[in-house]
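Visitor: Starting off with a structure, shown below.
There are 2 protein chains.
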Amino acid sequence: MTQELTPGAPTLEQVAAAAGVSRSTVSRVVNNSPHVTDEAMTAVLDAIERLGYVPNRAARSLASRKTQVIALVVPETTAKVFADPFFASVVQGVALHLSDTEYTLNMVIASETNPQKTRRYLLGGNVDGALVVSHHSGDHSYARLSHALPTVFGGRPMSPDEQDSYYVDSDNVAGAEAATRHLLDIGCRSLATIAGPQDMPPGFDRLVGWRSVVRSAGLDDGLVELGDFTPRAGAEAARRLLDRGVPFDGLFVANDQMAVGALSVLREQGLSVPHDVSIVGFDGDSFSETSNPPLTSIAQQATELGATMARVLVDLLQGRPADRVTIMPTRLIVRGSTREPQGTETAAD
Amino acid sequence: MTQELTPGAPTLEQVAAAAGVSRSTVSRVVNNSPHVTDEAMTAVLDAIERLGYVPNRAARSLASRKTQVIALVVPETTAKVFADPFFASVVQGVALHLSDTEYTLNMVIASETNPQKTRRYLLGGNVDGALVVSHHSGDHSYARLSHALPTVFGGRPMSPDEQDSYYVDSDNVAGAEAATRHLLDIGCRSLATIAGPQDMPPGFDRLVGWRSVVRSAGLDDGLVELGDFTPRAGAEAARRLLDRGVPFDGLFVANDQMAVGALSVLREQGLSVPHDVSIVGFDGDSFSETSNPPLTSIAQQATELGATMARVLVDLLQGRPADRVTIMPTRLIVRGSTREPQGTETAAD
DNA sequence: ATGAAAGCGCTAACAC
DNA sequence: GTGTTAGCGCTTTCAT
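Here the protein sequences line up with chains A and B, keeping their order.
Quick note: the first sequence uses my numbering, first residue 137, plus one each step.
Quick note: the second sequence uses my numbering, first residue 137, plus one each step.
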């Protein structure tokens with residue numbers, strides 16, 4: 137009954153006093169322990185409400201040896217391309233999902249010049265788990281992390297020896313196949329592609345998908361140029377493709393940003409899209425929506441991917457079973473950069 | 137020299153033992169207290185290095201009554217437009233700046249259906265301060281927050297009674313004026329604008345800037361249509377502008393996303409950009425870079441704005457003097473959507 | 001089912 | 001300059 141003026145936040149002890157129970161009981165109620173009588177529970181809940189009690193995270197964390205914090209690790213180079221809509225959506229998905237849990241989101245920019253700093257921070261007991269998103273890269277330099285800290289990656293690992301980590305990825309191969317099949321379906325007879333860096337899983341997988349369909353169709357799979365996923369790289373790759381002198385009427389580009397760059401080069405060279413060349417991009421982001429013409433694209437469920445990463449990690453942290461690998465489906469969105477199916481021609485051969 | 141197998145993280149006490157000093161001394165070293173002899177300091181630093189000691193945040197926070205956590209509050213509706221490159225850059229700036237400080241970034245999605253939840257969290261002693269970014273809106277529903285928690289806003293408040301809060305904003309009026317002057321400079325004689333919502337400071341201020349220059353030039357300032365900053369709204373506004381039947385040769389659009397939408401409508405109606413109509417956007421983001429033609433735009437220093445918000449808050453938290461208001465300059469980036477100056481014509485009048 | 005007591009790892013007076 | 005001593009607010013055995 138200590139009559140105190142408490143300017144700061146009320147403590148568990150004060151709630152206990154107000155409810156006429158011990159601190160232990162209050163703690164039990166706060167932590168949903170089943171071993172509390174309804175009366176005690178009601179009294180405590182009431183006191184909590186009246187006093188506006190909010191548990192002190194630091195104290196709780198110190199005593200329980202859990203932080204209730206999840207780190208979202210963003211490699212610095214990724215941070216520079218933070219404006220990548222796909223990436224932003226993933227972060228959004230993570231944040232939204234976590235806001236429904238007891239976990240707090242701690243965004244960490246991983247300094248590339250001083251990776252130890254990040255490692256120490258993550259391993260220093262500051263967080264309960266980590267989410268690593270490395271944009272388009274397959275950067276699993278934090279792979280070893282997962283042996284010491286529950287970790288879920290966005291995107292599959294590049295090297296097979298990291299296959300034991302948890303990750304969530306889009307079905308890049310299937311997406312690329314769908315894109316390529318669409319080009320075939322609308323009557324394209326000579327296909328080219330602008331692929332991503334081959335040391336990054338999305339770059340690699342999307343090329344695999346394109347190639348697989350092109351070969352199955354008995355077509356030449358040599359019209360390949362690479363780019364680093366930026367609009368500029370897309371433009372340059374398109375120029376190189378054109379310079380080869382081999383005509384093509386269907387182009388699959390590994391992401392929308394490069395597709396936009398390629399689009400402008402094609403037009404600049406007097407080629408009409410989709411009349412002369414049909415283009416399919418990948419991501420289904422704002423770049424594809426606002427380009428002229430709007431891009432037909434393979435949409436990734438970016439927000440859902442982020443939310444799934446968060447869910448998997450939370451499951452892991454709470455001892456629930458979780459899938460090591462989750463593959464998210466993609467879907468084809470047909471817009472103006474691919475022409476209408478040329479039924480007769482296709483039927484003719 | 138206590139030979140212990142410590143599976144968990146080493147504690148300050150262990151460092152003290154290893155260095156042959158008291159815990160206080162270790163604490164002083166860790167907290168950069170000047171009252172430590174060089175020898176003691178060296179011994180401690182050495183022990184810390186050897187043991188790989190990392191201070192426990194929870195314990196530190198509990199004892200010091202500081203969390204070293206800064207919340208980045210993102211209203212839910214903003215989260216939906218998370219892919220806005222401007223917004224993403226601001227977040228990036230915040231994160232980058234904070235990674236150089238002792239503060240940790242806690243991203244909070246403010247539920248709009250349950251604002252109390254966020255309030256309680258922020259006021260519950262979980263964070264030392266808050267950064268509120270509400271995208272293009274002037275949403276200072278958290279204004280009252282600043283009386284109880286150090287808070288810095290991104291963007292100026294809409295209502296004058298909130299003028300006592302700390303905020304960082306771009307110079308929207310000056311930016312809009314520069315954009316409009318540029319249109320005049322290249323010889324435009326009839327100006328129109330697609331403005332943003334007038335209940336949002338950026339929407340309001342940019343219209344003010346446009347109007348001020350148009351009037352000074354003795355031109356009609358009636359060609360105004362509003363949009364909500366999305367590409368679609370830009371397209372619709374452009375259509376309404378055209379429907380008025382009043383010809384214009386210069387168009388200022390309050391942001392790049394709307395400008396891209398307007399651009400496509402203009403072309404669709406057979407108007408050539410920049411030959412028939414010159415367009416200037418605002419933001420200088422990826423939308424302006426990858427559109428066709430690329431947009432002349434007023435670039436905001438989004439990353440710097442975010443970094444500045446973080447810096448101001450940290451100053452505030454550390455008792456250093458900080459400016460209540462910081463206005464960031466903008467700059468004109470001339471690209472393909474505005475035509476070359478028509479020197480003779482301009483000189484003629 | 002509930003309470004008492006012992007810390008979790010650190011900081012912050014206060015002595016020396 | 002350095003060590004000693006109390007806690008910070010909570011969880012968690014262990015009794016009862």
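Yeah, the Cβ is synthetic: ideal placement off N, Cα and C, and Gly gets one too.
A quick note: this is a predicted structure, and the numbers were derived from the prediction, not measured.
1. Any Cβ of chain B within less than 8 Å of the Cβ of Thr203 (chain A)?
2. The alpha helix (DSSP H) that contains Gly345 (chain A), what's its start and end?
3. Roughly how many angstroms separate the alpha carbons of Thr138 (chain B) and Gln150 (chain B), rounded to a whole number?
4. Any C-beta of chain A sitting closer than 8 Å to the C-beta of Gly406 (chain B)?
5. Under 8 Å between C-beta atoms, does Leu402 (chain B) make it to chain A?
6. Using a Cβ cut-off of 7 Å, which residues of the stretch 172–200 of chain B contact any Cβ in chain A, in chain order?
7. Can you list, in chain order, the residues of its chain whose CB lies under 6 Å from that of Glu248 (chain B), leaving out five sequence neighbours each side?
8. Please report whether the beta-carbon of Met447 (chain B) lies at a distance below 8 Å from any beta-carbon of chain A.
9. Along chain B, in chain order, which residues have C-beta atoms closer than 8 Å to that of Arg256 (chain A)?
10. Would you call the stretch 350–367 of chain B in contact with the stretch 390–402 of chain B, where contact means no fewer than 3 C-beta pairs closer than 8 Å?
11. Using a Cβ-Cβ distance cut-off of 8 Å, determine whether Pro211 (chain B) contacts chain A.
12. Which residues of chain B have a Cβ atom closer than 9 Å to the Cβ of Phe384 (chain A), listed in chain order?
13. Could you name the residues of the same chain whose beta carbon sits closer than 8 Å to that of Leu452 (chain B), not counting the 5 residues immediately before and after it, in chain order?
14. Less than 8 Å between the CB atoms is what I'm expecting for Val226 (chain A) and Leu241 (chain A), so what's the real figure, rounded?
15. Just mark Gly339 (chain B) as buried or exposed, buried being the case when its beta carbon has 16 or more other beta carbons within 10 Å.
16. Would you decide whether Gly156 (chain B) is buried or exposed? Buried here means 16 or more other CB atoms lie within 10 Å of its CB.
17. Which same chain residues end up closer than 6 Å to Ile469 (chain A) when comparing Cβ atoms and leaving out the 5 residues on each side of it in sequence?
18. Is the shortest distance between the beta-carbon of Ala443 (chain B) and the beta-carbons of chain A less than 8 Å?
19. On the three-state DSSP scale, how would you describe Ile184 (chain A)?
20. Spell out the partners DSSP gives Phe223 (chain A) in its beta bridges.
21. Is Gly472 (chain B) close to chain A? Criterion is C-beta to C-beta, closer than 8 Å.
22. Please state whether DSSP places Phe569 (chain A) in a helix, a strand or coil.
23. Just to confirm, are Thr329 (chain A) and Leu387 (chain A) a CB contact at a threshold of 8 Å?
24. Would you identify the three-state DSSP class for Ser414 (chain B), choosing helix, strand or coil?
25. Tell me whether Met294 (chain B) sits in a helix, a strand or coil according to DSSP, three-state version.
26. Bridge partners for Leu241 (chain A) per DSSP, in chain order?
27. Can you pull out the residues from the stretch 236–248 of chain A whose beta carbon lies closer than 8 Å to at least one beta carbon of chain B?
28. Should Val389 (chain A) be flagged as near chain B, meaning a C-beta pair shorter than 8 Å?
29. Quick check on the DSSP output: the alpha helix (DSSP H) that includes Thr426 (chain A) runs from which residue to which?
30. What does Tyr303 (chain A) pair with, by DSSP beta-bridge criteria?
31. Within 8 Å of any Cβ in chain A, is that where the Cβ of Pro251 (chain B) sits?
32. Is the Cβ of Leu232 (chain B) closer than 8 Å to any Cβ of chain A?
33. Which residues in the same chain have their Cβ closer than 8 Å to the Cβ of Arg280 (chain B), if we skip the five residues on either side of it in sequence?
34. Starting from the C-beta of Arg292 (chain B), find all residues in its chain whose C-beta is less than 6 Å away, skip the five residues before and the five after it, and write them out in chain order.
35. Within 8 Å (strictly less), CB to CB, does Gly261 (chain B) reach chain A?
36. So that I know if they touch, is there some Cβ in chain B lying closer than 8 Å to that of Phe423 (chain A)?
Guide: This is what the structure holds:
1. yes
2. Counting along the chain, the alpha helix (DSSP H) containing Gly345 (chain A) begins and ends at 337–352.
3. Annotation note: pLDDT 33 at Thr138 (chain B) (below 50); position unreliable, coordinate value reported separately. Thr138 (chain B) and Gln150 (chain B) have their C-alpha atoms roughly 8 Å apart.
4. no
5. no
6. Val190, Asn192, Arg193, Ala194, Ala195, Ser197, Leu198
7. Glu212
8. Reading the sequence as shown, one finds Arg at residue 447 (chain B) and not Met. Closer than 8 Å: no.
9. Per Cβ cutoff of 8 Å: Gly188, Val190.
10. yes
11. It does not; no Cβ of chain A falls within 8 Å.
12. Per Cβ cutoff of 9 Å: no residues; Phe384 (chain A) is ~21 Å from chain B at best.
13. Gly265, Pro286, Val288, Tyr302, Ala458
14. A Cβ-Cβ separation of about 13 Å leaves Val226 (chain A) out of contact with Leu241 (chain A) under the 8 Å criterion.
15. Gly339 (chain B) comes out buried.
16. exposed
17. Gly420, Ser433, Ala435
18. no
19. helix
20. Bridge partners of Phe223 (chain A): none, in fact.
21. Not one chain A Cβ lies under 8 Å of Gly472 (chain B).
22. Within the shown structure, residues of chain A are numbered from 137 to 485, placing residue 569 (chain A) beyond reach of any answer.
23. yes
24. strand
25. In this structure, Met294 (chain B) counts as coil in the three-state DSSP scheme.
26. A:Ile206, B:Met243
27. Thr240, Leu241, Asn242, Met243, Val244, Ile245, Ser247
28. no
29. 422–426
30. Tyr303 (chain A) is bridged to A:Phe289, A:Val461.
31. Contact with chain A is absent for Pro251 (chain B), since none of that chain's Cβ atoms lies less than 8 Å from the residue's Cβ.
32. yes
33. Once the five neighbours on either side are set aside, Arg280 (chain B) has no close Cβ partner at all.
34. Tyr303, Asp305, Pro337
35. yes
36. yes
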